[in-house]
Structure formats: structure tokens, C-alpha cells
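Residue numbers (my numbering): 13 to 268.
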Amino acid sequence: TVLKYINNLWKENRPLRVALIYNDSEYGRAVLAPAKRYAKAHGIKIVDEEKVSLRCLDATPQMRHLKQKKADYAYIQETVIATATILKDAGKLGLTTLFTGNFWGTERKLAELAGPAAEGYIGVMPFAIWSDRNVPGIQLLKKINRKYHPRVQFREPPYVAGWVNAAIMTEAVRKALGMVNNDPNQVTGTLIKKGFESIKDFNIEGLVTPVSYSAKDHRGAKDVKLVIIKKKGRLTAITGWIKTPPVPKAEMEGKE
């Protein structure tokens, strides 16, 4: 989705140059094949790949190398600590590369750790965010938060993600119970899986787009927004919901 977005923004008469920054784990490497495949199909050049550990506190060597590659954009597949380190060290070295990243690196905490270097960072956001005042689900979460944690004024995106995940799990169990006349003693893991796979267009008050599963597709919601970090760490949506590109059959079947 990020590659699609930045490629649509690109107006220069040359291919867009993109770098991939990831940690050496299944989670980190998961971005590589899909990004390269999409880039090849759309004329985007992947000019660099940099490995940065999740707990990295100094990414200067990687950022020096990235600077030499003159990437227009970099996509970061990390969590908040490593993402903050990358942004700070890139800023110290004067990189002009624009940084983007995934959900797990996109929080207000990023701005607290990286300071001004986080401004302009664009992140993938599959959930509504705390500033989405008109979203019924956010209104509900704020009401609950005021009741149980009145001193807490802000919640990061993973808080919303936790609520969404719990809502989906509850719906799967509810459906599993319906398959055995609401007898909890008959509910099994297999039935709960069937419950998940029977969820269709489940509405979670706008916190995500409607959630659907099937035996062949476990993605749930299939839309994301992009958000930008502004001054004082404010997360602001810069797009509406964007349909994510289709997942190739081989990847869906776990063969890639």
C-alpha cells in the first residue's frame, strides 16, 4: 500500500528509488518478497536493503550506506525503538530520504523517542486512531477509558488494535457456540476456527473496515489508512481507507 501511494505521488521523469529497512526475523523479512514483486511490476527501483535489529540503538553504519544509495523513500519494517534510532541517525547524517513504515513502528511514542526527526514520517494504519473523533468505536473507547483510567488522555494505536482483536475473537467464539446450541462444553479449537472462518462483514464500530474471513483468506480487514507524524508527535490521517493489493495465491497458501 505504501509503495502504491508514493508511486502515485511520484512526478519526476525517472523511476522512484526505494530502500527497504528490516530486522532479520520472519516478521522483518516478510516485507521483502512482496515489496520486490510490487516494485518490479510497477517500475520502482529497490536500491538498497538494510538490516537493523529490533533493539538497535545506533544505525549510523546502515544510514551511511543508505545515504550513498540516494533512495527517494525508505520503508521501515521494525518496531518503535529501531524506527526511532533509524530516524534519529538519518537526521544526524543529513539524509534527504523520506521515511515510511509499518503499523508497529507508527505511534506517538516514535516522536517522543526520535524528536523532530520523526516529523513527516508516514506509517501504515489498519485501525482508526485516537484523534478520529467521529468514529463511533473511538467514542466508545474514550468513554471506557475515562471511566477506568481518567488520568490517561491518549491511547496509542496498539490499544485500539487490542480492542479490535478481542472483538473479533469474541465474535468467533459466539459463532462457535451457535454451532453447538450454546453449550460451552462442546466448543473446541476446531470449532472456534470454523467460527472465525464464518465471520462475514463484521462491523466493529468503524475501528476497522468490515471484517471477513474464509477458509482460504485469514486477513480479516483488508483496508488501511496512511498517517503522518506532525509536530508534537500528532498522528494525522492523510488518506481515507485504501484497499490493500491482492495477495498472490502462493503467498496465501504459505508457499512463499
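Every residue, glycine too, gets a C-beta built ideally from N, C-alpha and C. No experiment lies behind these values; they were computed from the predicted model shown.
- DSSP places residue 31 in no alpha helix (DSSP H) but in the uninterrupted beta strand (DSSP E) bounded by 29-34.
- For residue 259, same chain residues with a beta-carbon under 6 Å away, outside a window of 5 residues either side, do not exist.
- Between residue 107 and residue 79, the beta carbon gap of about 5 Å places them in contact (Cβ cut-off 8 Å).
- Between residue 213 and residue 224 the beta-carbon gap is near 6 Å, inside 8 Å, which marks them as a contact.
- With respect to residue 118, residue 137 sits close: the two C-beta atoms are nearer than 8 Å.
- Rounded to the nearest angstrom, the gap between the Cα atoms of residue 60 and residue 41 is 14 Å.
- For secondary structure counted as the alpha helix (DSSP H) over 4 or more consecutive residues, the stretch 150-215 holds these complete runs in sequence order: 169-190, 201-209.
- Around the beta carbon of residue 227, a 10 Å sphere encloses fewer than 16 other beta carbons of the protein chains shown; the residue is thus reported as exposed.
- Judged by pairs of C-beta atoms under 8 Å, the stretch 149-160 does not touch the stretch 117-132, as fewer than three such pairs exist.
- For the pair residue 33 and residue 93, the CB atoms are not nearer than the 8 Å cut-off.
- Of all C-beta pairs linking the stretch 14-34 to the stretch 49-58, three or more are shorter than 8 Å, placing the two stretches in contact.
- In the DSSP secondary-structure assignment, residue 104 is not bridged to any residue.
- Selection 241, 256, 147, 104 evaluated against residue 73 yields 104 as nearest (Cα-Cα).
- Burial check for residue 126: the Cβ neighbour count within 10 Å reaches 16 or more, so the residue is buried.
- Counting along the chain, residue 113 sits inside no alpha helix (DSSP H); it lies in the beta strand (DSSP E) bounded by residues 110-113.
- With contacts defined as CB atoms closer than 8 Å, residue 91 and residue 70 fail to qualify as a contacting pair.
- The C-beta separation of residue 180 from residue 232 comes to about 7 Å, placing the pair in contact by the 8 Å criterion.
- DSSP places residue 231 in the uninterrupted beta strand (DSSP E) bounded by 229-232.
- Per DSSP, the unbroken beta strand (DSSP E) holding residue 85 starts and ends at 85-89.
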